[in-house]
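Peer 1:
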Amino acid sequence: MTEHGEFDHVSGRSTTGHEWDGIKELNTPLPRWWVITFYACIVWAIGYWIVYPAWPMLWSHTTGVLGYSSRADVAVELANLEKIRGDKMVTLGAAPLAEIEKDPGLLALARARGKTVFGDNCAPCHGSGGAGAKGYPNLNDDDWLWGGSLDQILQTIQFGARSGHAKTHESAMLAFGKEGVLKKDQIVTVANYVRSLSGLPTSPGYDATAGAKIFADNCTSCHGDNAKGNQELGAPNLTDKIWLYGSDEATLVETITNGRAGVMPAWVGRLDPPTIKALTVYVHSLGGGK
Amino acid sequence: MNKPVNPTDLPLEDDGPLYVAQKKVYPQSVSGTFRRTKWGLMAFCLGVYYFLPFVRWNRGLGAPDQAVLVDLPNSRFYFFFIELWPQEVYYFTGLLIAAALTLFLMNAIGGRVWCGYLCPQTVWTDLFYAVERLIEGDRRERMRKDAAKGTMKMERFAELVLKHSIWLMIAWWTGGAWVLYFNDAPTLVKQLVTFQAPVIAYIWIAILTTTTYVLAGWMREQVCVYMCPWPRIQAALTDEWALNVTYKYDRGEQRTSLKKASELRALGEHVGDCIDCYQCVAVCPTGIDIRNGPQLDCIQCGLCIDACDTVMTKIGRETRLIGYDNDINIHRREAGKPPIYRLVRARTVVYALLIAGVGAIMLYALLTRTLLDINVLHDRNPVAVKLSDGSIRNAYTIRLLNKRGFDRVIAIDVDGPVNATIHVVGADSVTQERPMIVLGRDQTTELRLLVTAPAESNPEKSIPVHFHVTDIGLGEVASATDHFVAP
Chain A
-16 MTEHGEFDHV SGRSTTGHEW DGIKELNTPL PRWWVITFYA CIVWAIGYWI VYPAWPMLWS
44 HTTGVLGYSS RADVAVELAN LEKIRGDKMV TLGAAPLAEI EKDPGLLALA RARGKTVFGD
104 NCAPCHGSGG AGAKGYPNLN DDDWLWGGSL DQILQTIQFG ARSGHAKTHE SAMLAFGKEG
164 VLKKDQIVTV ANYVRSLSGL PTSPGYDATA GAKIFADNCT SCHGDNAKGN QELGAPNLTD
224 KIWLYGSDEA TLVETITNGR AGVMPAWVGR LDPPTIKALT VYVHSLGGGK
Chain B
3 MNKPVNPTDL PLEDDGPLYV AQKKVYPQSV SGTFRRTKWG LMAFCLGVYY FLPFVRWNRG
63 LGAPDQAVLV DLPNSRFYFF FIELWPQEVY YFTGLLIAAA LTLFLMNAIG GRVWCGYLCP
123 QTVWTDLFYA VERLIEGDRR ERMRKDAAKG TMKMERFAEL VLKHSIWLMI AWWTGGAWVL
183 YFNDAPTLVK QLVTFQAPVI AYIWIAILTT TTYVLAGWMR EQVCVYMCPW PRIQAALTDE
243 WALNVTYKYD RGEQRTSLKK ASELRALGEH VGDCIDCYQC VAVCPTGIDI RNGPQLDCIQ
303 CGLCIDACDT VMTKIGRETR LIGYDNDINI HRREAGKPPI YRLVRARTVV YALLIAGVGA
363 IMLYALLTRT LLDINVLHDR NPVAVKLSDG SIRNAYTIRL LNKRGFDRVI AIDVDGPVNA
423 TIHVVGADSV TQERPMIVLG RDQTTELRLL VTAPAESNPE KSIPVHFHVT DIGLGEVASA
483 TDHFVAP
């Protein structure tokens, strides 16, 4: 009955023979099915080592006889994706910008592709829906620093603004205060004048004539005689209701004192031409496109 | 019993081991009303299953012309004149509820009607038995051949190969017909025979070939007895009025051999009609003895009724010693009263009303189904945009559903802020300041719609906006409501 140890008469089972303070441990072997499963797992693991990448080596790892790699799987899936997109994106790349919005199929494709790419590349500055932020233009409105036609948007996306690219939009607003061109009180005066251009209230004691004079002497070369801005230079329209950095006096004083020169990177070379085209149409279709 | 019994003095009950080896069942061939009914229903069910995918239904140019089709890539379900979109999957919910209630109603009337005549497991097993009988012979011959194991002759080997080949062929066709419901049947058949079909089609055929072959060829009644939940649920759902395949023991007992019975009858003694011929057991596809009373293993196919009727006719006794009956009538006959049958009772009426109710709701939903629909999603970021002249613009993504089989021109009207202008990005034309859009047939169209309220209108923080789309040709209108928000 007992192979080793002793027979326990109360339970009718054999014991392991080990005794602690008069208590003996019953011999309860692992269930057969469990042991078989366990050994099967070991055999499986050995097979796995041979077939799949498994052991770390000094500089690399064993690759397994199947040569499997999850990275290769991703590459295949990406290639398939490109294949699916292939023809459609070629058509999109070949179509003239103005035609895309007239073709419902191409428009839907460009907007879908544009939205994805916008989320990946543009959203960090312009926001996921292109709402912008202080210093980053809202792309939904009709106010454009560098122009809101399809071609102008394409130009801006391709080469950016002050990006360092040879064809980029280049200009900078002079730091009138820092450079000593204007004194503190002159800056406050011209800031109030700028506020008055779009109908905003001015501070008490503000000298409108002086403001107009300072503006005419210093600002009109870029912002224009009527202060409506100049898209060639990226100089904003100062008579509308949209403010890139803010319309309160303190912000305007800061802007005039230190100047402004927002930067947008060039995307040519980072995104392929059909994708940039899709992005252009997407931004244009947000609502503000001219 | 004068003295209480000490429980420890009782003999230990021993039901034997928990595991009982399967005893192979050799159902004998039988003929009669129920066998004929089963042949008829089998032909009907299999006929529908195998040939339905080939039935054509004209839906116009460009739409699939298969009467019943589950078009997964385009997410459409076609059933003759009905076409369902994925968001209308609740029709299937209704169908399942109606099916469950029908099952309950059948049970309340005639017990396991589903199990005995209509269940795929029964139908295919019956078919496989028919093949087996045709090749290997009837019950006794099959038993003899199986018992002669070990001394297999060439002839027997050929028989087995033939049987399993035919089984596999039927099983393959079962899987083959299944995939035809998911693609254009004639095209797919052509692809299948030229090995051009998609891999997934072959995989599904292989899966269903295996399940059919294993379930109908090898597992047979074990599926009903051990795997199927319905016998368990059915037992809880039944009542004393439901008619079940019943051995009328009031008539059958005492079982007496034919010879002895006639002797005793001559003496004027009462003798049961059952002559213990075991024909009811021999024909039973689950291998049970119906005379033991209602039992879980009984699928109520009625074949024992046919077998018993044959014997009763032969010995000149009244038929239907086994028949659709219930305990109530057995007790009534024992008490000398005529049997009564109550098919119309609270349970059946309630089930029938529920089925009618679910059916009516589904029919109503189907008839009033919208074929033009609009969904509106307000831009979230930014919610509102201030334009350079101070006017306020809200942008919406509108999704238009055209469930008709032809292109249609629709006009979009927006009823919202005073003097608001609307613009649809990419709108084909603007007539009378209404953007007009062409909706492709049987598809959804997504548009970007801009609503701009002039600065002087000074819109409130949030006002409701109603979007109406009107089919210019048919006059169908669909509407949706959202809000116009000022920053």
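These protein sequence lines map, in sequence, to chains A and B.
In terms of our numbering, the first sequence opens at residue -16 and continues consecutively.
In terms of our numbering, the second sequence opens at residue 3 and continues consecutively.
The beta-carbon is built from N, C-alpha and C at its ideal position, and this holds for glycine as well.
#1: Would the stretch 136 to 152 of chain A and the stretch 244 to 260 of chain A be scored as touching if the rule is three or more Cβ pairs under 8 angstroms?
#2: According to DSSP, what are the bridge partners of B/Ile447?
#3: Please compile the residues from chain B whose C-beta is within a distance smaller than 7 angstroms of the C-beta of A/Lys114.
#4: Closest Cβ-Cβ distance between B/Arg347 and chain A: below 9 angstroms?
#5: Report the CB separation of B/Met438 from B/Val411 in whole angstroms; it is logged as a contact under 8 angstroms.
#6: At 4 residues or longer, what runs of the alpha helix (DSSP H) sit wholly inside the stretch 185 to 238 of chain B?
#7: Kindly list, in the order they appear in chain A, the residues whose Cβ is closer than 8 angstroms to that of B/Ala397.
#8: What residues of chain A sit near B/Glu458, judged by a beta carbon separation below 7 angstroms?
#9: Whole angstroms are fine: how far does the CA of B/Lys147 sit from the CA of B/Leu217?
#10: What residue from B/Ser390, B/Asn383, B/Leu389, B/Phe408 has the CA that sits closest to B/Thr399's CA?
#11: Hey, is B/Thr423's beta-carbon within less than 9 angstroms of any beta-carbon in chain A?
#12: On a Cα-Cα basis, can you pick out the residue from A/Glu237, A/Asp124, A/Arg96 that is closest to A/His109?
#13: Counting only the same chain and skipping the five closest in sequence on each side, list residues whose C-beta sits under 7 angstroms from that of B/Asp311.
#14: Taking the alpha helix (DSSP H) that B/Ile465 belongs to, which residues open and close that run?
#15: Between A/Asp134 and A/Thr258, what straight-line distance do the alpha-carbon atoms span, to the nearest angstrom?
#16: Distance, Cα to Cα, B/Gly274 vs B/Arg319?
#17: Strictly below 7 angstroms CB to CB, what residues from chain B border A/Gly110?
#18: Taking all protein chains shown into account, do 16 or more other C-beta atoms lie within 10 angstroms of the C-beta of B/Thr372, making it buried, or fewer, making it exposed?
#19: B/Glu448 versus chain A: which residues are under 8 angstroms apart at the beta carbon?
#20: Measuring only between beta-carbons, confirm whether A/Pro87 sits less than 9 angstroms from chain B.
#21: Using only alpha-carbon positions, find the residue among A/Gly272, A/Pro256, A/Thr263, A/Ile225 that is nearest to B/Lys388.
#22: Using a C-beta to C-beta distance shorter than 9 angstroms, which residues of chain B count as neighbours of A/Asn220?
#23: Give the range of the alpha helix (DSSP H) segment to which A/Leu254 is assigned.
#24: Would you mind reading off the limits of the alpha helix (DSSP H) that contains B/Tyr51?
#25: Please report how far the alpha carbon of B/Gly442 lies from the alpha carbon of B/Ala397, in whole angstroms.
#26: When Cβ atoms are compared, which residues of the stretch 202 to 233 of chain A fall closer than 8 angstroms to chain B?
#27: Can a CB atom of chain B be found closer than 9 angstroms to the CB of A/Asp134?
#28: Residues of chain A with a CB under 9 angstroms from the CB of B/Gly374: which are they?
#29: Would a C-beta distance cut-off of 9 angstroms place A/Ile136 and A/Val246 closer than the cut-off?
#30: Drop a sphere of 10 angstroms on the beta-carbon of B/Met314, count the other beta-carbons inside from all chains shown, and report buried for 16 or more, exposed for fewer.
#31: From B/Pro466 to B/Pro489, what distance separates their C-alpha atoms?
#32: Give the C-beta separation of A/Val236 and A/Ile197 to the nearest angstrom, bearing in mind that I take them to be a contact with Cβ-Cβ under 8 angstroms.
#33: DSSP has B/Asp375 in a bridge; who is on the other side?
#34: Do the stretch 80 to 100 of chain B and the stretch 149 to 165 of chain B make contact, defined as three or more Cβ pairs closer than 8 angstroms?
#35: Please report whether the beta-carbon of A/Arg94 lies at a distance below 9 angstroms from any beta-carbon of chain B.
#36: Counting only beta-carbon atoms, is B/Gly428 nearer than 9 angstroms to chain A?
Peer 2: With the given structure in hand:
#1: yes
#2: For the purposes of this step, residue 447 of chain B is taken as residue 445 along the second sequence, with counting starting at 1. Here residue 447 of chain B is Thr; the residue named in the question, Ile, does not match the sequence. Paired residue(s): B/Leu402.
#3: Here residue 114 of chain A refers to the residue found at position 131 when the first sequence is read from its first residue. Checking the sequence shown, residue 114 of chain A turns out to be Ala, not Lys. Those within 7 angstroms of A/Ala114 in chain B are Asn383, Pro384.
#4: Numbered from its first residue, the second sequence carries residue 347 of chain B at position 345. No, no contact with chain A.
#5: Position 436 of the second sequence holds residue 438 of chain B. Position 409 of the second sequence holds residue 411 of chain B. Confirmed, about 6 angstroms.
#6: 187 to 195, 201 to 214
#7: For this step, residue 397 of chain B is matched to residue 395 along the second sequence. Within 8 angstroms Cβ-Cβ: Asn123, Leu269, Gly270.
#8: Stepping through the second sequence from its first residue, residue 458 of chain B is reached at position 456. Going along chain A, no residue has its Cβ under 7 angstroms from B/Glu458, so there is no contact; the nearest lies around 13 angstroms.
#9: Position 215 of the second sequence, counted from the first residue, corresponds to residue 217 of chain B. Position 145 of the second sequence, counted from the first residue, corresponds to residue 147 of chain B. Computed Cα separation, rounded: 23 angstroms.
#10: Within the second sequence, numbered from 1, the residue matching residue 399 of chain B stands at position 397. When each option's Cα is compared against that of B/Thr399, the closest is B/Asn383.
#11: Position 421 of the second sequence, counting from 1, holds the residue named residue 423 of chain B. Output row for B/Thr423: interface = no.
#12: Mapped onto the first sequence, residue 109 of chain A falls at position 126. Answer by Cα proximity: A/Asp124.
#13: In the second sequence, residue 311 of chain B corresponds to position 309, counting from 1. Once the five neighbours on either side are set aside, the close Cβ partners of B/Asp311 are Gly34, Thr321, Arg322.
#14: Numbered from 1 along the second sequence, position 463 holds the residue referred to as residue 465 of chain B. Note, B/Ile465: premise wrong, no alpha helix (DSSP H); beta strand (DSSP E) at 464 to 473.
#15: Here residue 134 of chain A refers to the residue found at position 151 when the first sequence is read from its first residue. Here residue 258 of chain A refers to the residue found at position 275 when the first sequence is read from its first residue. Each residue's alpha carbon lies about 15 angstroms from the other.
#16: Here residue 274 of chain B refers to the residue found at position 272 when the second sequence is read from its first residue. Here residue 319 of chain B refers to the residue found at position 317 when the second sequence is read from its first residue. Each residue's alpha carbon lies about 11 angstroms from the other.
#17: Locating residue 110 of chain A in the first sequence gives position 127, where the first residue counts as 1. Ordered by position in chain B, the residues that pass the 7 angstroms Cβ test against A/Gly110 are Asn383.
#18: Position 370 of the second sequence, counting from 1, holds the residue named residue 372 of chain B. Exposed is the call here.
#19: Here residue 448 of chain B refers to the residue found at position 446 of the second sequence. The contacting residues are Ala91.
#20: By 1-based counting over the first sequence, the position of residue 87 of chain A is 104. Chain B, which has a Cβ nearer than 9 angstroms to the Cβ of A/Pro87, makes this yes.
#21: Within the second sequence, numbered from 1, the residue matching residue 388 of chain B stands at position 386. Residue A/Ile225 is the option with its Cα nearest to B/Lys388.
#22: Residue numbering aside, residue 220 of chain A sits at position 237 when the first sequence is read from its first letter. Those within 9 angstroms of A/Asn220 in chain B are Ser390.
#23: On the first sequence, position 271 is the one that residue 254 of chain A refers to. Neither: A/Leu254 is in no alpha helix (DSSP H) and is coded neither H nor E.
#24: Numbered from its first residue, the second sequence carries residue 51 of chain B at position 49. Start and end: 35 to 53.
#25: Residue numbering aside, residue 442 of chain B sits at position 440 when the second sequence is read from its first letter. Residue numbering aside, residue 397 of chain B sits at position 395 when the second sequence is read from its first letter. The straight-line gap from Cα to Cα measures roughly 23 angstroms.
#26: Asn220, Asp223, Lys224, Ile225
#27: Here residue 134 of chain A corresponds to residue number 151 of the first sequence, with the count starting at 1. No, A/Asp134 does not count as interfacial toward chain B.
#28: Counted from its first residue, the second sequence places residue 374 of chain B at position 372. For the record, residue 374 of chain B in the displayed sequence is Leu; it is not Gly. Within chain A, no residue comes near B/Leu374; the closest Cβ sits about 18 angstroms away, beyond 9 angstroms.
#29: Translated into positions along the first sequence, residue 136 of chain A becomes position 153. Translated into positions along the first sequence, residue 246 of chain A becomes position 263. No; because the gap between Cβ atoms is not below 9 angstroms, this pair is not in contact.
#30: Position 312 of the second sequence holds residue 314 of chain B. Burial call: buried.
#31: The count along the second sequence starts at 1 and reaches residue 466 of chain B at position 464. The count along the second sequence starts at 1 and reaches residue 489 of chain B at position 487. Cα-Cα distance, rounded: 15 angstroms.
#32: For the purposes of this step, residue 236 of chain A is taken as residue 253 along the first sequence, with counting starting at 1. For the purposes of this step, residue 197 of chain A is taken as residue 214 along the first sequence, with counting starting at 1. Wrong, their Cβ atoms sit about 13 angstroms apart, outside the cutoff.
#33: In the second sequence, residue 375 of chain B corresponds to position 373, counting from 1. Its beta-bridge partners are B/Leu403.
#34: no
#35: Translated into positions along the first sequence, residue 94 of chain A becomes position 111. Yes, contact with chain B.
#36: Start at 1 with the first residue of the second sequence, and residue 428 of chain B comes out as number 426. Yes, B/Gly428 lies at the interface with chain A (some Cβ there is under 9 angstroms from its Cβ).
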